[in-house]
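Taking it in order: structure first as structure tokens, then the write-up.
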Amino acid sequence: MSIIVPIAKVELGEEEINAVVEVLKSGRLIQGEKVEEFEKLFAQKVGAKYAVAVSSGTAALHIAYLALIKPGDEVLVPAFTHISTASMICFARGKPIFCDIDSKTFTIDLDEVKRKITIRTKAIAPVHLFGNACEIDEILKMAREYGLKIIWDAAQAHGTKYKGKDIGCFDDVVCYSFYPTKNMITGEGGMLTTNNPELYEKFKLLRSHGQQKKYYHTMLGLNYRMTEVEAAVGIEQLKKLDNMIDKRRQNAEFLNKELSQLEGITIPFVKEYVKHSYHQYSILLDKKINRNKFIEALGERGIGIGIHYPTPLHKQPVFNSSEKLPVCEDLSQKILSLPVHPGVHLEQLGYLTEIIKEIIQKFRRGLQ
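Sequential numbering from 975 applies to the sequence shown in my numbering.
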């Protein structure tokens, strides 16, 4: 029997199933006690004062931008990330200013950020991409110097640590996603964390029609509420998060050991004071290796892969940007994500690395 190694796998146990059944039997399905419990537990977990659960990670970003920027404001954003990091700026009537990224960490290039700050710049949206932490101290320092708000995109960084602290505890707001492929899931769903009581109240209003009390609306808002079913799943997933992240790190360590010496492959770079949570394990292929053929060879052997991301945001037709960001453009042609999720077992990892070594040898001999 051949070995299959999927790029992602949703694993829900009896705990999540029983929690959902309990909610369904109660008949209380909309935002209520379970959501409130999930928020309190999540805030406690990351070390933030407040947490607000919403319907998706995209909704979390939209609410954050609506709360922190005004129409016409510019927000500095990396061009190598999911589109929602930038598109939600537009929906808040701001303007995304695309920045290049660091070639090693894949997080926003702070030298370029400094060059692009203008009098119209009001915020920065750093992304803890793939679970690797941004240079948080430097970003906080820069924000203080230039009077910028910070919207941290942690959609892929549940459990990531920076200098011993969870990335969810930093100001002004941190946005998470609980999409089915993330480090912890609720189905859809998202969360905002903050230490600012005024922002906390504003986030709650924005997610629920601007309603301060029943049928009494003090501002315009949206319907971005999380359901009780999603919160019930989230509570159980949160209990398992540490173990799931530990498994991701163990899998990444195995891959690092087996792939680090292979010519033509660059493994993920992690600074000594960062604890990467490995939402994705993304390698870079040398340009001499045909990525499409490499992917095809892996697929023929039952190994799933992902390309995050094949087209940088500034090259997306919707943004119609003439910006040239060489690192983003280069990485988009060389990057490849390998299975690292908790469902990958040692036998599968051994199979995966042996197949990669075999394929690399064939490329060296010019057989592909």
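Beta carbons are placed, not taken as given, at the ideal position from N, Cα and C, and that holds for glycine.
Are the C-beta atoms of residue i and some chain B residue less than 8 Å apart?
i: Val1028; result: Any reference to chain B falls outside this structure, which holds one protein chain only.
Quick check: the Cα distance between residue i and residue j, rounded to an integer number of angstroms?
i: Gly1280; j: Gly1068; result: 31 Å
i: Gly1340; j: Phe1293; result: 40 Å
i: Glu990; j: Leu1229; result: 30 Å
i: Met975; j: Glu988; result: Its pLDDT being 43, under 50, Met975 is placed unreliably by the model, and the measurement read from it follows with that caveat. Taking the straight line from one Cα to the other gives about 28 Å.
i: His1315; j: Gly1046; result: 40 Å
i: Lys1135; j: Glu1232; result: 25 Å
i: Tyr1255; j: Asn1197; result: 34 Å
i: Ile1004; j: Ala1205; result: 10 Å
i: Leu1310; j: Pro1286; result: 14 Å
i: Lys1178; j: Ala1034; result: 11 Å
i: Leu1166; j: Leu1040; result: 13 Å
i: Asn1225; j: Glu1321; result: 11 Å
i: Glu1086; j: Lys1137; result: 24 Å
i: Lys1289; j: Phe1072; result: 10 Å
i: Leu1347; j: Gln1018; result: Because residue 1347 is not part of the residues shown, which for the chain are 975 to 1342, the question remains open.
i: Met1116; j: His1183; result: 34 Å
i: His1191; j: Lys1023; result: 25 Å
i: Met1158; j: Ser1251; result: 11 Å
i: Gly1278; j: Ser1306; result: 18 Å
i: Gln1335; j: Phe1268; result: 12 Å
i: Pro1070; j: Ala1038; result: 14 Å
i: Tyr1001; j: Ala993; result: Residue identity differs from the one stated: residue 1001 is Gly in this sequence, not Tyr. Between Gly1001 and Ala993, the C-alpha separation is close to 13 Å.
i: Leu1050; j: Asp1145; result: 16 Å
i: Ala1027; j: Phe1012; result: 8 Å
i: Val1207; j: Thr1160; result: 5 Å
i: Lys1308; j: Lys1156; result: 23 Å
i: Arg1265; j: His1056; result: 21 Å
i: Ser1295; j: Phe1152; result: 30 Å
i: Asp1009; j: Met1200; result: This sequence places Val at residue 1009; Asp is not what is there. Approximately 7 Å, taken between the alpha carbons.
i: Gly1273; j: Cys1149; result: 34 Å
i: Glu1172; j: Pro1100; result: 22 Å
i: Lys1123; j: Ser1234; result: 38 Å
i: Lys1213; j: Tyr1174; result: 24 Å
i: Gln1244; j: Gly1133; result: One detail in the question is off: residue 1244 reads as Val in this sequence, not Gln. If I take the Cα positions, the gap works out to 15 Å.
i: Lys1298; j: Asp1076; result: 15 Å
i: Glu1270; j: Ile1333; result: 11 Å
i: Asn1169; j: Lys1331; result: 47 Å
Tell me, to the nearest whole angstrom, how far the beta carbon of residue i is from that of residue j; I am working on the premise that it is less than 8 Å.
i: Gly1163; j: Leu1180; result: Between Leu1180 and Gly1163 the Cβ distance is about 16 Å, and since that is not below 8 Å, they are no contact.
i: His1319; j: Gln1130; result: In fact, because the Cβ distance is near 23 Å, the residues do not count as touching under 8 Å.
i: Ile981; j: Pro1300; result: About 28 Å; that fails the 8 Å criterion.
i: Ile1113; j: Val1147; result: Ile1113 to Val1147, Cβ: 13 Å. No contact.
i: Ile1257; j: Thr1240; result: 6 Å
i: Ile1209; j: Leu986; result: Actually they are not in contact, since the Cβ atoms of Ile1209 and Leu986 sit about 13 Å apart, beyond 8 Å.
i: Leu1259; j: Gly1238; result: 6 Å
i: Cys1302; j: Phe1104; result: The pair is not a contact, with the Cβ atoms about 14 Å apart (cut-off 8 Å).
i: Ala1066; j: His1036; result: 7 Å
i: Val1248; j: Cys1143; result: Going by Cβ atoms, the distance from Val1248 to Cys1143 rounds to 15 Å, so no, they are not a contact pair.
i: Lys1096; j: Ile1043; result: 5 Å
i: Asn997; j: Val1203; result: Contrary to the premise, residue 997 reads as Val rather than Asn in this sequence. That belief holds up - the Cβ atoms of Val997 and Val1203 are roughly 5 Å apart, short of 8 Å.
Does DSSP put residue i in a helix, in a strand, or in coil?
i: Asp1074; result: coil
i: Gln1290; result: coil
i: Ser1061; result: helix
i: Pro1171; result: helix
i: Asp1140; result: strand
i: Asp1363; result: The chain is shown from 975 up to 1342; residue 1363 falls before or after that span and cannot be answered.
i: Pro1300; result: helix
i: Leu1312; result: strand
i: Tyr1190; result: strand
i: Pro1120; result: Note that residue 1120 corresponds to Tyr in the displayed sequence, not to Pro. In this structure, Tyr1120 counts as helix in the three-state DSSP scheme.
i: Gln1322; result: helix
i: Ser1151; result: strand
i: Leu998; result: helix
i: Gln1335; result: helix
i: Lys1069; result: strand
i: Ala1307; result: The sequence given here places Gln at residue 1307; Ala does not occur at that position. Gln1307 falls in the helix class under three-state DSSP.
i: Ile1125; result: strand
i: Ser976; result: coil
i: Lys1178; result: helix
i: Leu1166; result: strand
(request) Would you check if there are 3 or more beta carbon pairs closer than 8 Å linking the region 1219 to 1231 to the region 1052 to 1065? (result) Two segments are said to touch when three or more pairs of C-beta atoms, one from each, lie closer than 8 Å; by this definition the region 1219 to 1231 does not touch the region 1052 to 1065.
(request) Could you pull out every unbroken beta strand (DSSP E) segment of at least 3 residues lying fully inside the region 1195 to 1279, listed in chain order? (result) Fully enclosed beta strand (DSSP E) runs of 3 or longer: 1255 to 1259.
(request) Starting from the N-terminal side, write out each stretch of the beta strand (DSSP E) that is 3 residues or longer and does not extend beyond the region 1076 to 1118. (result) Within the region 1076 to 1118, the complete beta strand (DSSP E) runs of at least 3 residues fall at 1095 to 1098.
(request) Only counting runs of 4 or more residues, tell me where the alpha helix (DSSP H) segments fall wholly within the region 1002 to 1038, in order along the chain. (result) 1007 to 1020, all fully within the region 1002 to 1038.
(request) For the region 1321 to 1340 and the region 1089 to 1100, state whether three or more C-beta atom pairs, one from each stretch, are separated by less than 8 Å. (result) At 8 Å Cβ cutoff, the stretches do not touch.
(request) Decide if the region 1093 to 1111 is in contact with the region 1069 to 1084; the criterion is three or more beta carbon pairs, one per stretch, under 8 Å apart. (result) Under the 8 Å Cβ criterion, the region 1093 to 1111 counts as touching the region 1069 to 1084, having at least three qualifying pairs.
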